[in-house]
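Quick notes on the structure that follows.
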Amino acid sequence: MTPMPEAREVVLRLDNITKRFGRQTANDAISLSLRKGEVVALLGENGAGKTTLMNILFGHYTADEGSVEVFGSPLPSGATGAALEAGVGMVHQHFTLAGNLTVLDNILLGTASLWSLGRGRKAAEARVRRLAEDFGLAVDTGAKVARLSVGERQRVEILKALYRDARILILDEPTAVLTPQESDALFATLRKAVDQGLSVIFISHKLHEVMAISNRVLVLRHGKLVGERRTAETSPQALAELMVGAEIAQPVPSEATPGATLLSLRGVSVHPPGHRTGLRGIDLDLRAGQILGLAGVSGNGQGALAELLSGEVRPDSGEMRLGNEVAPPWTPRAALAADIGRIPEDRHSTGSIADFSLTENAILETYRDPELSRAGWMRWSAAEAFARQVIERYDVRCPGPDTRIRLLSGGNMQKLILGRALESEPRIILANQPVRGLDIGAVTYVQERLIAARDAGAAILLISEDLDEILGLADVIRVMSDGRLSPEFPRGSVTAQELGRWMAGEGFDHAA
Amino acid sequence: MRLEPVANPTIARSLGFPAVALGLSVVVASLLALMAGANPFATLGLILKGAAGSQFALLETLNRATPLIFTGLAVAVAFRAKLWNIGAEAQLYMGALVTVIFGTSALGLPGPQPLLLVGLAAMLGGALILLGPVILKTRFGVDEVVTTLLLNFIMLLFISMLLDGPLKDPMGMGWPKSPRLDPDARLPRIVEGLRLHWGFALALICAVVVWVIETRTTLGYEIRAVGQNPRAARFAGIPVNVVLVKTALLSGGLAALAGFSEVAGLKGSLTLDLSPGFGYTGIIVAMLALLHPIGVVVSAIFVAGVFVGADSMSRAAGVPTYIADILLATALLFMVFAILLTRFRIVRG
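What follows is the structure, given as structure tokens:
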């Protein structure tokens with residue numbers, strides 16, 4: 000019989016790690032130990048200090064105090080690469096893959112000497128395939144990474160770590176981008192890894208996943224370790240309270256009162272470049288005062304639909320109507336003019352300009368309005384006033400409107416983008432994964448804002464890969480699979496399991 | 000050693016490191032003078048004296064700085080939008096060519112035209128010649144570094160052909176040069192009797208105009224947005240390709256003014272050695288100025304001073320003028336490093 004993880008050797012020990020940035024203490028005397036074959040969850044809001052702690056482990060930051068020990072030997076402080084060499088692998092929230100290279104090249108990158116010139120590539124490929132099979136990480140090693148879905152990219156990241164003989168895996172928000180099925184597959188992979196003696200640190204906001212996968216949970220708040228629990232002896236509610244320091248309630252929308260159809264698609268097909276799957280003749284109606292939740296495995300056409308509604312592409316065929324009118328020549332500006340508020344999937348690369356100030360980012364969509372510019376001249380004081388208004392009304396925590404947005408946490412960045420989109424009270428809202436990777440506080444906030452917009456009469460399309468979010472928020476639910484749409488399911492008429500079957504592509508043939 | 004980003008660089012940091020960079024490049028130049036067997040302090044003193052030691056020297060430096068301000072601005076504006084215009088040299092020659100065509104009655108065109116019109120026509124010429132590469136870029140994704148660079152050589156050969164053909168000065172004793180501009184088409188001097196023409200004042204005005212465009216207008220905002228994140232800019236509804244075309248017109252027009260000002264202000268006619276690489280040096284000027292339009296004026300005067308000073312030093316001290324190129328090259332390299340240090344700090348360990 001295998002011994003309980005509690006009795007096994009400690010493979011990683013962080014001892015009294017303290018890190019200060021100026022007056023702010025990002026990590027305050029945090030200690031953590033990880034045993035062989037154990038999954039430790041690191042739970043905390045954005046800015047709680049999880050990422051800083053991992054950056055210290057990987058030598059990106061130097062701790063002001065404290066030490067790191069891997070497999071019994073101390074890691075030199077601040078030496079990048081030392082942790083990797085000692086067998087610690089990290090799967091980042093934002094993937095570190097080269098899109099123009101194949102899966103195999105990405106995995107081998109940096110592992111083979113420059114002089115080997117592709118020798119041993121066959122053997123390497125065989126080894127990658129074996130690892131993929133052992134850990135249930137199905138992926139085509141010859142495919143270009145740019146063509147892979149988010150879920151597949153994550154598998155490549157994990158394979159990359161395993162290929163480098165990582166014995167400790169650190170996953171930063173791994174399920175933020177996955178569907179239930181993909182998450183289940185990830186958990187199966189992690190269980191296999193643990194069975195083979197690997198140890199895992201699992202950074203997450205999602206309580207039920209932490210409950211499902213971890214042996215122990217460490218909760219961080221404001222840089223301090225506020226609690227350590229054995230998972231078997233705690234509850235999601237208790238963890239959530241530890242995490243935010245107060246009791247929290249998931250927003251529950253009231254009964255919807257749907258009105259007129261504000262946007263409709265009839266037989267629309269489009270296949271924008273860069274997407275694996277386009278839209279294949281879909282019909283869609285967005286009604287005033289209603290949230291339509293669109294579930295589906297990533298890469299099944301949601302990206303194409305989002306690009307269509309945000310004005311980035313035009314339909315290849317079919318008809319798009321705004322109210323009773325045929326849509327005008329379709330561009331991002333036309334979409335904005337048609338009163339569509341857009342929250343893009345990727346707030347870093349699409350939603351904001353990293354080195355622009357909050358003011359400059361806040362007016363990105365509206366700088367041509369007469370309040371913000373006249374005859375080609377910017378009215379910067381008005382722009383700053385607008386930014387201050389968004390910052391205040393949407394609770395963006397920041398030093399001020401002159402701050403570069405790259406210095407904000409993900410949640411605050413998203414609040415600014417949300418404020419930018421909602422401040423003009425759009426009639427139609429496209430929210431593409433609006434809470435992906437956000438902490439619980441920010442998730443609740445964003446969801447409440449969306450519900451408020453719905454109650455004010457907006458038609459909302461909520462695209463999400465988080466079924467809990469869809470089931471909790473959406474008034475009607477549809478599933479997208481391989482570029483097609485399922486029928487509408489009113490709230491409460493469908494279970495997660497049934498949606499999962501539609502997500503897997505069942506049922507479309509007789510529904511169509 | 001690692002780099003950590005500096006959240007909000009102080010002014011001391013933003014200006015201190017570039018100053019140190021310039022100091023270091025002077026040290027390198029001193030060592031080179033020493034190797035050439037000259038007293039480094041005397042050599043540097045002679046460069047300084049040659050660049051700014053007399054009214055004549057100073058005016059010569061400002062004259063030399065004039066085309067560099069124009070090409071430096073052209074490059075700075077384009078680089079802001081991440082439009083890599085390496086073709087300021089071609090645009091300069093285009094501006095010079097148009098100036099000659101409209102400023103003389105060569106080619107049988109009714110000339111000479113009023114100076115303002117000639118200047119505007121020159122800008123238009125330079126703008127149009129950059130338009131081709133930009134349309135190739137926006138339409139077909141052709142790399143503008145390659146197309147703008149190669150256009151420099153095409154333009155030079157084209158001018159060479161014209162100077163040996165239809166534009167050849169009948170009074171030129173067989174030299175490949177254009178007829179001289181009509182006196183009415185010349186830029187007057189700012190102060191009568193001093194060798195500094197209105198081109199320099201025009202360059203200063205352009206620097207201020209570009210600065211105002213970049214900080215105060217929607218176009219400047221669009222240019223910066225497109226340069227920093229074209230994807231986010233496009234999503235937000237900024238017409239990225241239109242902005243790139245506008246940037247190209249501005250950049251090409253500015254570079255063409257260098258040619259206009261050299262021909263109409265200084266040389267009076269077009270020859271193949273009109274520009275000793277002003278278009279390329281404009282890249283150094285813009286980089287040293289961190290793409291800031293007012294900084295371009297300062298760095299252009301610095302670069303011109305080094306060239307002019309080194310010329311006169313070389314005659315007096317016998318140190319080769321190449322020291323000017325090396326001084327500028329090291330200054331640029333140190334400056335690139337200094338720019339890094341203004342935004343990142345080195346952390347030991």
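From first to last, the protein sequence lines are chains C and B. No gaps in the numbering here: position 275 of the first sequence is 274 in numbering that gives the first Met the number 0, and each next residue is one more. No gaps in the numbering here: position 2 of the second sequence is 1 in numbering that gives the first Met the number 0, and each next residue is one more. For every residue, glycine included, the Cβ atom is placed at its ideal position computed from N, Cα and C.
Item to check | Members of the segment 74-95 of chain B that neighbour chain C once the beta carbon cut-off is set at 7 Å | outcome: none
Next on the checklist: Which same chain residues end up closer than 7 Å to B:Pro17 when comparing Cβ atoms and leaving out the 5 residues on each side of it in sequence?
Outcome noted: Working through the second sequence from its first residue, we reach residue 17 of chain B at position 18. Only Met334, Ala337 meet the Cβ criterion.
Item to check | For C:Ala382 and C:Ala361, the rounded distance between their alpha carbons | outcome: For the purposes of this step, residue 361 of chain C is taken as the residue at position 362 of the first sequence. For the purposes of this step, residue 382 of chain C is taken as the residue at position 383 of the first sequence. Cα-Cα distance, rounded: 8 Å.
Checklist entry - Which residue's Cα is closest to the Cα of C:Ala386: C:Leu421, C:Ala28, C:Val478? => result In the first sequence, the residue the question calls residue 386 of chain C occupies position 387. The candidate whose alpha carbon is nearest that of C:Ala386 is C:Leu421.
Checklist entry - Of all the residues that make up the segment 343-362 of chain C, which are near chain B by a beta-carbon distance shorter than 8 Å? => result Pro343, Ser348, Thr349, Gly350, Ser351, Ile352, Ala353, Asp354, Phe355, Glu359
Checklist entry - Should B:Phe259 go down as buried or exposed, given a rule of 16 or more other Cβ atoms within 10 Å for buried? => result Sequence index remark: in the second sequence, residue 259 of chain B carries index 260 (1-based). B:Phe259 should be labelled buried.
Checklist entry - Looking at C-alpha atoms only, which residue of C:Glu240, C:Asp481, C:Ile476 is the closest neighbour of C:Leu498? => result Within the first sequence, numbered from 1, the residue matching residue 498 of chain C stands at position 499. Answer by Cα proximity: C:Ile476.
Checklist entry - Taking buried to mean at least 16 other C-beta atoms within 10 Å of its own C-beta, is C:Gln432 buried or exposed? => result In the first sequence, residue 432 of chain C corresponds to position 433, counting from 1. Per the 10 Å Cβ criterion, buried.
Next on the checklist: Which residue wins for smallest C-alpha separation from C:Gly310, given the options C:Leu185, C:Ile427, C:Ala384?
Outcome noted: Residue mapping note: residue 310 of chain C aligns to position 311 of the first sequence, counting from 1. That would be C:Ile427, whose Cα lies nearest to the Cα of C:Gly310.
Checklist entry - Should the segment 271-288 of chain B be regarded as contacting the segment 67-74 of chain B, the criterion being three or more beta carbon pairs within less than 8 Å? => result yes
Checklist entry - Which residues of chain B have a Cβ atom closer than 7 Å to the Cβ of C:Arg483, listed in chain order? => result Start at 1 with the first residue of the first sequence, and residue 483 of chain C comes out as number 484. Chain B residues near C:Arg483: none, gap ~26 Å exceeds 7 Å.
Next on the checklist: At the 8 Å Cβ level, is C:Met89 part of the contact set with chain B, yes or no?
Outcome noted: Sequence index remark: in the first sequence, residue 89 of chain C carries index 90 (1-based). It does not: the Cβ of C:Met89 has no partner Cβ on chain B nearer than 8 Å.
Next on the checklist: Measuring alpha carbon to alpha carbon, tell me which residue in B:Glu261, B:Phe199, B:Ile237, B:Ala257 is nearest C:Ile352.
Outcome noted: In the first sequence, the residue the question calls residue 352 of chain C occupies position 353. Out of B:Glu261, B:Phe199, B:Ile237, B:Ala257, B:Ile237 has the C-alpha closest to the C-alpha of C:Ile352.
Next on the checklist: I'd like to know if the segment 57-65 of chain B and the segment 319-327 of chain B are in contact, where contact means that at least 3 CB-CB pairs between them fall below 8 Å.
Outcome noted: no
Next on the checklist: Is the beta carbon of C:Ile416 closer than 8 Å to that of C:Gly340?
Outcome noted: Indexing the first sequence from 1 puts residue 340 of chain C at position 341. Indexing the first sequence from 1 puts residue 416 of chain C at position 417. Not closer than 8 Å, so no.
Checklist entry - Any C-beta of chain C sitting closer than 8 Å to the C-beta of B:Phe139? => result On the second sequence, position 140 is the one that residue 139 of chain B refers to. No, no contact with chain C.
Next on the checklist: What does the Cβ neighbour count give for B:Met437, buried or exposed, with the cut at 16 atoms within 10 Å?
Outcome noted: What is shown of chain B runs 0 to 348, which leaves residue 437 of chain B out entirely.
Checklist entry - Going by other Cβ atoms of all chains shown within 10 Å of its Cβ, with 16 needed for buried, is B:Met160 buried or exposed? => result Translated into positions along the second sequence, residue 160 of chain B becomes position 161. Classification for B:Met160: exposed.
Next on the checklist: Against chain B, with Cβ distances strictly below 8 Å, would C:Leu13 count as a contact?
Outcome noted: Position 14 of the first sequence, counted from the start, is the residue given in the question as residue 13 of chain C. Chain B, which has no Cβ nearer than 8 Å to the Cβ of C:Leu13, makes this no.
Next on the checklist: For chain C, check one thing: does any of its Cβ atoms lie closer than 8 Å to the Cβ of B:Gly252?
Outcome noted: Within the second sequence, numbered from 1, the residue matching residue 252 of chain B stands at position 253. By this cut-off, B:Gly252 is not an interface position.
Checklist entry - Taking the continuous beta strand (DSSP E) assigned at C:Met89, which residues delimit it? => result Position 90 of the first sequence, counting from 1, holds the residue named residue 89 of chain C. It spans 87-90 - the beta strand (DSSP E) in which C:Met89 sits, taken as one unbroken run.
Checklist entry - From B:Pro292 to B:Val209, what distance separates their C-alpha atoms? => result Taking the first residue of the second sequence as position 1, residue 292 of chain B is located at position 293. Taking the first residue of the second sequence as position 1, residue 209 of chain B is located at position 210. Near 6 Å, if we compare the C-alpha coordinates of B:Val209 and B:Pro292.
Checklist entry - Does DSSP classify C:Glu505 as helix, strand or coil? => result Position 506 of the first sequence, counted from the first residue, corresponds to residue 505 of chain C. If DSSP states are grouped into helix, strand and coil, C:Glu505 belongs with coil.
Next on the checklist: Beta-carbon within less than 7 Å of C:Met396's beta-carbon, same chain only, minus the 5 sequence neighbours each way: which residues are those?
Outcome noted: What you label residue 396 of chain C is simply residue 397 of the first sequence in a count that begins at 1. The residue asked about is misnamed: residue 396 of chain C is Arg in this sequence, not Met. Asn411.
Checklist entry - What residues from chain B crowd round C:Arg332, counting only those whose CB sits closer than 7 Å? => result Translated into the one-based positions of the first sequence, residue 332 of chain C becomes position 333. Gly236, listed in chain order.
Checklist entry - By Cβ distance, which residues of its chain are closer than 6 Å to C:Thr1, with the 5 residues on each side in sequence left out? => result In the first sequence, the residue the question calls residue 1 of chain C occupies position 2. Because the pLDDT of C:Thr1 is 44, which lies under 50, any placement of that residue in the model is unreliable, and the question is left without a value.
Next on the checklist: I need the straight-line Cα distance from C:Ser182 to C:Ser408, nearest angstrom please.
Outcome noted: Position 183 of the first sequence, counted from the first residue, corresponds to residue 182 of chain C. Position 409 of the first sequence, counted from the first residue, corresponds to residue 408 of chain C. Computed Cα separation, rounded: 25 Å.
Next on the checklist: On the DSSP letters alone, give me the boundaries of the beta strand (DSSP E) that C:Leu219 sits inside.
Outcome noted: By 1-based counting over the first sequence, the position of residue 219 of chain C is 220. It spans 215-220 - the beta strand (DSSP E) in which C:Leu219 sits, taken as one unbroken run.
Next on the checklist: Within 8 Å of any Cβ in chain C, is that where the Cβ of B:Thr147 sits?
Outcome noted: Locating residue 147 of chain B in the second sequence gives position 148, where the first residue counts as 1. Output row for B:Thr147: interface = no.
Item to check | Backbone secondary structure at C:Pro179 - three-state DSSP | outcome: Indexing the first sequence from 1 puts residue 179 of chain C at position 180. Residue state, collapsed to three classes: helix.
Checklist entry - Taking only beta-carbon atoms, is C:Glu311 less than 8 Å away from chain B? => result By one-based count along the first sequence, residue 311 of chain C stands at place 312. Yes, its Cβ sits closer than 8 Å to a Cβ of chain B.
Next on the checklist: Let's test the definition: count the other Cβ atoms within 10 Å of the Cβ of C:Leu11 and tell me whether it reaches 16, buried, or not, exposed.
Outcome noted: As a first step, residue 11 of chain C must be located in the first sequence, where it is residue number 12. Label assigned to C:Leu11: buried.
Checklist entry - What three-state label does DSSP hand C:Leu363 in the structure shown? => result Translated into the one-based positions of the first sequence, residue 363 of chain C becomes position 364. It is coil, neither helix nor strand.
Next on the checklist: Does C:Ser203 come out as helix, strand or coil in the three-state DSSP assignment?
Outcome noted: Position 204 of the first sequence, counted from the first residue, corresponds to residue 203 of chain C. Here C:Ser203 sits in strand by DSSP.
Checklist entry - What's the C-alpha gap between C:Gly88 and C:Ile212? => result Indexing the first sequence from 1 puts residue 88 of chain C at position 89. Indexing the first sequence from 1 puts residue 212 of chain C at position 213. For C:Gly88 and C:Ile212, the distance between alpha carbons rounds to 18 Å.
Checklist entry - Straight-line CA distance for C:Gly141 to C:Val102? => result For the purposes of this step, residue 141 of chain C is taken as the residue at position 142 of the first sequence. For the purposes of this step, residue 102 of chain C is taken as the residue at position 103 of the first sequence. So the alpha carbons of these two residues sit roughly 6 Å apart.
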